[in-house]
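When the letters of the sequence shown are read in order and numbered with the numbering used here, they come out as residues 35 to 163.
C-beta atoms are modelled at their ideal positions from N, C-alpha and C, and glycine is treated no differently.
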Amino acid sequence: MSRLKERWGNTPKWAKIISYIILGILGVIALGFVFGYAIKLLWNWLMPELFGLKEISYWQGIGIFILARLIFGSFGGNSNGSKSSNNKDQKSCPDEKDKTKEKQDSKGYNEEWWEKEGKKAFDDYIDRA
C-alpha cells in the first residue's frame, strides 16, 4: 500500500487532475445507470398497478431520470438557487447599501417602529383573534 502511495505522490499534478476528471465522469455515468435501474424498478412496481400505465425498459428509466433532472433540477450550478438576489445586490450603489445597513443596524430602529406601529398592530391582532 505504501508503494502505491509513493507512486501516486510522484505523479505530476496534471496527470492527477486528468485522473480525477476521468474518475468523476465514470462515477457520474455509473450513478446514472444505477438511478435508471432504480427508476425502472419503482415504475414497474407502482405505476402499472396504481395508474394502469405500461411497464418501462431500462433505457426508458434512464431517459426519465435525465428528463427529471432537466425539468426539476440542474446538473450543477448555483447552490442556493437564487440568482435574482445576487443581481439586486450588484445593481444597487454602495451608498444605498451603507445607508440601509446603518438604518437596520441601529438599535433604535426596531424599537422605535415597535413603539409607533408594532405594538398597536399586535394588540389589534390579539383582539381580533
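Reduced DSSP secondary structure (H/G/I, E/B, other) of residue i
i      : result
Thr134 : helix
Pro128 : helix
Ala163 : coil
Per-residue burial, residue i [other beta carbons within 10 Å of its own, 16 or more giving buried]
i      : result
Phe156 : exposed
Phe106 : exposed
Gly43  : exposed
Gly95  : buried
Gly58  : exposed
Gly70  : buried
Own chain partners of residue i with C-beta closer than 6 Å, once the 5 adjacent residues on each side are dropped
i     : result
Leu87 : Met81
Ile73 : Gly95, Ile98, Phe99
Own chain residues within Cβ distance below 8 Å of residue i, not counting five before or after
i     : result
Gly61 : none
Neighbourhood of residue i by C-beta, 7 Å cutoff - its chain only, sequence neighbours within 5 removed
i      : result
Ile90  : Lys74, Trp77, Asn78
Asp129 : none
Fill in: Whole alpha helix (DSSP H) elements within the stretch 57–115, 4-residue minimum
Listed in chain order, the alpha helix (DSSP H) runs fully inside the stretch 57–115 are 92–106, counting runs of at least 4 residues.
Worksheet item: Between the stretch 88–99 and the stretch 63–70, are three or more C-beta pairs nearer than 8 Å?
Response: yes
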